[in-house]
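Note that the sequence shown covers residues 285 to 423 in the working numbering. Glycine included, each C-beta is placed from N, C-alpha and C at the ideal position. Since the model is a prediction, treat every value here as computed from it, not as a measurement. Only one structure is covered here, and it is reproduced in the block below.
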Amino acid sequence: GVVVEHRNCVGFVEAAQEKYDVSTSGERVLQLSNVGFDIWLEEFALSLLCGNTLVIPKGGNEAILAEFWDFIERSEISIISFPTAMLNSLAIDDALRIVPSLKTCIVGGDVFSVGTWRAWNRVFSDRVKLFNSYGPTEA
Numbered sequence: 285g286v287v288v289e290h291r292n293c294v295g296f297v298e299a300a301q302e303k304y305d306v307s308t309s310g311e312r313v314l315q316l317s318n319v320g321f322d323i324w325l326e327e328f329a330l331s332l333l334c335g336n337t338l339v340i341p342k343g344g345n346e347a348i349l350a351e352f353w354d355f356i357e358r359s360e361i362s363i364i365s366f367p368t369a370m371l372n373s374l375a376i377d378d379a380l381r382i383v384p385s386l387k388t389c390i391v392g393g394d395v396f397s398v399g400t401w402r403a404w405n406r407v408f409s410d411r412v413k414l415f416n417s418y419g420p421t422e423a
């Protein structure tokens, strides 16, 4: 594992809030990651540490995967941090869909393909900001 010191976390939160244009109230961030992964810090920080809401799916991620976009819409999610493999899979299956509340998607952890970007752009265009990122460990 990697040790991330407190001052690094604070710096990361400040930079992420600015870069991803996260407000200090009203955002709803989906928790997709396990607390054992560094990206969990991003989900936690952009929600609770910034005065927003962290949405934790009841029954875990498996419970929402079959109806992923319906869950996002019902929960009024505005920010998602996707594992790259999950977004690649959604793009390949043509399972991307516009959700009115969604404004920011952060993707990281693996190769982000040009095909996925094209599929994303075809569906979301400039409606949802897409960031290709790595986790706070790399920051």
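Exercise. Rounded to whole angstroms, what's the CA-CA distance from residue 375 to residue 407? Just pull it up for me.
Key: The alpha-carbon atoms of residue 375 and residue 407 are separated by roughly 10 Å.
Quiz item: Can you find at least 3 beta carbon pairs, one from the stretch 318-338 and one from the stretch 300-310, that sit closer than 8 Å?
Solution: Cβ pair count under 8 Å is three or more, so yes.
Quiz prompt | Bridge partners - residue 336, DSSP secondary structure assignment | solution = DSSP lists no partner for residue 336.
Exercise. Return no unless some Cβ of chain D is closer than 8 Å to the Cβ of residue 292.
Key: Going by chain labels, chain D is absent from the structure shown, which holds only one protein chain.
Practice problem: For the beta strand (DSSP E) containing residue 366, list its first residue and its last residue. | Solution: DSSP places residue 366 in the uninterrupted beta strand (DSSP E) bounded by 363-367.
Practice problem: Please name the residue or residues paired with residue 392 in a DSSP beta bridge. | Solution: In the DSSP assignment, residue 392 forms a beta bridge with 367.
Quiz item: Hey, residue 391 and residue 355: beta-carbon distance below 8 Å or not?
Solution: No; because the gap between Cβ atoms is not below 8 Å, this pair is not in contact.
Quiz prompt | N- and C-terminal bounds of the alpha helix (DSSP H) containing residue 303 | solution = For residue 303, the uninterrupted alpha helix (DSSP H) run begins and ends at 290-303, by DSSP.
Self-check item: Three-way DSSP call (helix, strand, coil) for residue 411 in this model
Solution: In this structure, residue 411 counts as coil in the three-state DSSP scheme.
Quiz item: For residue 372, does the count of other Cβ atoms within 10 angstroms reach 16, so buried, or fall short, so exposed?
Solution: By the Cβ-count criterion, residue 372 is buried, with 16 or more other Cβ atoms from all chains shown falling within 10 Å of its own Cβ.
Quiz item: Taking the alpha carbon of residue 383 as the point to measure from, which residue in 318, 360, 369, 305 has its own alpha carbon closest?
Solution: Out of 318, 360, 369, 305, 360 has the C-alpha closest to the C-alpha of residue 383.
Quiz prompt | Where residue 369 falls, given that 16 or more other Cβ within 10 Å makes a residue buried | solution = Flag for residue 369 reads exposed.
Quiz item: Under the rule that 16 or more other beta-carbon atoms within 10 Å means buried, what is residue 308, buried or exposed?
Solution: The residue is exposed, with fewer than 16 neighbouring Cβ atoms inside 10 Å.
Exercise. Per DSSP, which residues does residue 314 bridge with? Please list them.
Key: Its beta-bridge partners are 339, 364.
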